[in-house]
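The structure appears right after this line, and notes come after that.
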Amino acid sequence: MSILQHLIPAQGGPRECGPGRQEGHIYAECGFAPGGVSIENFLIDYPQPVNPAHLGLSTQGVTLIERQGVWHIVDFVGESHYPFPSDFIEEARAIGVSRNYLY
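Okay, so the sequence shown: first residue is 373 according to my numbering, each after it adds one.
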């Protein structure tokens, strides 16, 4: 039996940043697996203020960046919806992560 059969997908529905998924959009999703690792293992950089335009980041949806043959999904999390980094982390822990890819 594959680990994929045991994955619990990210939950749909409203989030702090909006009403939830919309028909016709593409989403990157990360749910859970029983006995999986903690979300903190995936937090690479400390949250810090940035100028999204200077870095070429979209403030809506996600930005895909390729480095040495590996694609990374970079998400700009604004403080208007998540005043503290822990707000986003706790939401992700509770219902998973689902991010809109604006193509």
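We put the beta carbon where it would ideally sit given N, CA and C, even for glycine.
Considering only their Cβ atoms, is the gap separating residue j from residue i smaller than 8 Å?
i: Phe448; j: Ser430; result: yes
i: Glu426; j: Asn472; result: The residue you asked about is not Glu; residue 426 is His in the sequence shown. Not a contact, by the Cβ cut-off of 8 Å.
i: Pro465; j: Ile411; result: The amino acid at residue 465 is misidentified as Pro; the sequence shows Arg. Contact: yes.
From residue i to residue j, what distance separates their C-alpha atoms?
i: Phe456; j: Ile437; result: 25 Å
i: Gln432; j: Gly450; result: 10 Å
i: Tyr372; j: Val446; result: The displayed coordinates of the chain run from 373 to 475. Any statement about residue 372 would go beyond what the structure contains.
i: Thr435; j: Glu401; result: 14 Å
i: Val442; j: Gly385; result: 30 Å
i: Gly403; j: Pro419; result: 22 Å
i: Pro424; j: Gly408; result: 32 Å
i: His444; j: Pro421; result: 20 Å
i: His453; j: Gln440; result: 33 Å
i: Gly428; j: Phe414; result: 22 Å
How is residue i classed by DSSP in three states: helix, strand or coil?
i: Glu462; result: helix
i: Leu429; result: coil
i: Phe404; result: strand
i: Ile411; result: helix
i: Ile416; result: coil
Whole-angstrom Cβ separation of residue i and residue j, contact assumed at under 8 Å?
i: Ile467; j: Ala382; result: 6 Å
Flag this pair as touching only if the stretch 455-462 and the stretch 390-409 have three or more C-beta atom pairs under 8 Å; answer yes or no.
-> no
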